[in-house]
Amino acid sequence: MEQSFKIINFENIASTSEKAKELVAENFEPWTVVVSKEQSSGHGRKGEGWFSPVGGLYFSVILPKTNIDDLQTITNLTAFVIAQTLKNDFNLQPLIKLPNDILLQEKKVAGILTENIIIGQNPVFSIIGIGLNTNIDNFPEELKDKATSLKIELNQEIDNNQILEEILIGLKKQLEIISQ
Amino acid sequence: MNFKIKIKDKEYSIAIREDKEKTDILVDGKKYSFQKNQQVKTEETKEKKNNIFESEKIKEIKTPLSGIISEIFVKQGEEIKFGQKLIILSAMKMENDILSETRGVIKKVLVTKDQKVKENEILIILE
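Residue numbers (this note's numbering), protein chains in the order written: chain X, 1 to 180; chain W, 1001 to 1127.
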């Protein structure tokens, strides 16, 4: 893994983004990445749950300070990086449902949640949380028509570490353009 | 010590005489005496400083983004600290934690959950 990322691995935490917020309060630097094998309270916007069993890839990245006008671009660029990685690595045709979701065969395969911490009128840092359904064999009944995984679509095991590295390198390349 | 100074084309003769108790400054022969250890009046400066302080004191918490109030964590009369989470604003499909940039006491929370707000709208007034 490229040395410019500090990756902190967990077995099972409530939420990688909540942990990343705690780390920011402890002065962890931008491009610190929190990874967990599973999440007990993985969530999207408005607290909506994100199914996070072992096998999937769940991580949150502490980003450098961004201009307020560029905040929305963070999510869009992240969606682009994930979609491009899936296309390049697995010859898939992902659809970006802007700004938060990546679909395969009209089912959700990845979700993005950008959270900004604002003091006064200025964002002081942003955290991007990503849930990618990689090696998930089965979804609960209520999600079966809405969600899919790379393993289900490709019928093969996915190397989570490799895909994490590719997404992080892609993210850094894209987001450094807009970061201060 | 004697010297001359020129202010706006007019030349002044200055003489400074100093002893243990006072300093005399003669400007074209007119004497100005200053007692040593005399308390220098500083009211004007103090007042100025107070004014600057007042103008910098934050009385309103505004939103830098348009969006919808997702959660409110504080209420009227509550004492808040710097960096305390006040509100979550959902904007552009992002969650934005609005933290306090000052310490103080909340006079009024002007918004409610699920309320739409516009950029620069006041969310909270401080005492």
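We treat Cβ as the ideally placed atom computed from N, Cα and C, and that holds for glycine. What you are looking at is a predicted structure, and each value in this text was computed from that prediction instead of being measured.
Hey, which unbroken runs of the beta strand (DSSP E) at 3 residues or more fall wholly within the region 31 to 61 of chain X? 32 to 39
Which residue marks the beginning of the beta strand (DSSP E) containing Thr16 (chain X), and which one marks its end? As a position in the first sequence, residue 16 (chain X) is number 16, starting the count at 1. Looking at the DSSP string, Thr16 (chain X) is not in any beta strand (DSSP E); the run it does join, the alpha helix (DSSP H), is 16 to 25.
Pick from W:Ile1069, W:Phe1003, W:Ala1015, W:Lys1022: whose alpha carbon is nearest that of Glu1121 (chain W)? Taking the second sequence and counting its residues from 1, the one referred to as residue 1121 (chain W) is at position 121. The alpha carbon of Glu1121 (chain W) has as its nearest neighbour, out of W:Ile1069, W:Phe1003, W:Ala1015, W:Lys1022, the alpha carbon of W:Ile1069.
Measure the Cβ-Cβ separation of Ser60 (chain X) and Ala20 (chain X) and say whether it is below 7 Å. Numbered from its first residue, the first sequence carries residue 60 (chain X) at position 60. Numbered from its first residue, the first sequence carries residue 20 (chain X) at position 20. A contact, by the Cβ cut-off of 7 Å.
Look at Glu1078 (chain W) and Ile1088 (chain W) and say whether their C-beta atoms are less than 7 Å apart. Sequence index remark: in the second sequence, residue 1078 (chain W) carries index 78 (1-based). Sequence index remark: in the second sequence, residue 1088 (chain W) carries index 88 (1-based). Not closer than 7 Å, so no.
Can you find the residues in the same chain that come closer than 6 Å, C-beta to C-beta, to Met1001 (chain W), ignoring five residues on each side of it along the sequence? Along the second sequence, read from residue 1 onward, the residue named residue 1001 (chain W) stands at position 1. Excluding positions up to five away in sequence, the list reads Ile1016.
Check whether the Cβ atoms of Phe125 (chain X) and Lys65 (chain X) sit closer than 7 Å, and answer yes or no. On the first sequence, position 125 is the one that residue 125 (chain X) refers to. On the first sequence, position 65 is the one that residue 65 (chain X) refers to. Cβ distance < 7 Å, so Phe125 (chain X) and Lys65 (chain X) count as in contact.
Rounded distance between the beta-carbons of Leu154 (chain X) and Phe90 (chain X), thought under 8 Å: The sequence position of residue 90 (chain X) within the first sequence is 90, counting from 1. The sequence position of residue 154 (chain X) within the first sequence is 154, counting from 1. So it is a contact: roughly 6 Å between Cβ atoms.
Within its chain, find whatever has a CB closer than 6 Å to the CB of Ser36 (chain X); leave out the 5 residues flanking it on each side and keep chain order. Your numbering for residue 36 (chain X) matches position 36 in the first sequence. Here the set comprises Phe10, Ile13, Thr16, Tyr58.
Should Asp137 (chain X) go down as buried or exposed, given a rule of 16 or more other Cβ atoms within 10 Å for buried? In the first sequence, counting from the first residue as 1, residue 137 (chain X) sits at position 137. Exposed: under 16 other Cβ atoms inside 10 Å.
Could you tell me the distance, in whole angstroms, from the CA atom of Leu1086 (chain W) to the CA atom of Ile1125 (chain W)? Mapped onto the second sequence, residue 1086 (chain W) falls at position 86. Mapped onto the second sequence, residue 1125 (chain W) falls at position 125. Rounded to the nearest angstrom, the two C-alpha atoms are 12 Å apart.
Can you tell me whether Ala1091 (chain W) is buried or exposed? The criterion is at least 16 other CB atoms within 10 Å of its CB, across all chains shown. Within the second sequence, numbered from 1, the residue matching residue 1091 (chain W) stands at position 91. Buried, by the Cβ-count rule.
Taking Cβ positions only, does Thr114 (chain X) come closer than 7 Å to chain W? Position 114 of the first sequence, counted from the first residue, corresponds to residue 114 (chain X). So, interface residue.
Beta carbon of Thr134 (chain X) nearer than 7 Å to that of Leu113 (chain X): Locating residue 134 (chain X) in the first sequence gives position 134, where the first residue counts as 1. Locating residue 113 (chain X) in the first sequence gives position 113, where the first residue counts as 1. Not in contact: Thr134 (chain X) and Leu113 (chain X) (Cβ atoms no closer than 7 Å).
Going by other Cβ atoms of all chains shown within 10 Å of its Cβ, with 16 needed for buried, is Pro140 (chain X) buried or exposed? Residue 140 (chain X) sits at position 140 when you count from the first residue of the first sequence. When all chains shown are included, Pro140 (chain X) counts as exposed.
Grouping DSSP H, G and I as helix and E and B as strand, with all else coil, what is Leu71 (chain X)? Counted from its first residue, the first sequence places residue 71 (chain X) at position 71. Of the three classes helix, strand and coil, the one that applies to Leu71 (chain X) here is helix, per DSSP.
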